[in-house]
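Peer 1:
Dropping the structure here:
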């Protein structure tokens with residue numbers, strides 16, 4: 167997609183984390199999102215677009231492990 171205007175210096179990506187098999191549950195509000203949006207299959211394409219657009223840096227939130 168075409169970007170109009172001045173490109174951003176920083177882009178922050180917060181993709182859906184992969185499904186975990188741990189017993190601890192995430193917050194109830196976040197548990198409702200996964201069935202609605204599904205897995206984050208377009209994350210690689212989104213990262214590629216962000217890297218091409220941002221002038222300074224791209225920050226990607228990922229799980230610690």
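Residue numbers (our numbering): 167 to 231. Yeah, the Cβ is synthetic: ideal placement off N, Cα and C, and Gly gets one too. Predicted model only: the values in this text are computed from it and were never measured.
Between residue 207 and the rest of its own chain, which residues show a CB-CB distance below 6 Å, the 5 nearest in sequence each way excluded?
Peer 2: If we look at residue 207 and ignore the five residues flanking it on each side, it has no Cβ neighbours.
Peer 1: Candidates 193, 169, 178 and 212: which alpha carbon is nearest residue 225's?
Peer 2: Minimum Cα distance to residue 225 is reached at 178.
Peer 1: Residue 202 to residue 228, Cα distance in whole Å?
Peer 2: Spanning the two alpha carbons is a distance of roughly 20 Å.
Peer 1: Residues bridged to residue 147 by DSSP?
Peer 2: With the chain represented from 167 up to 231, any question about residue 147 goes unanswered, as that position is not in the structure.
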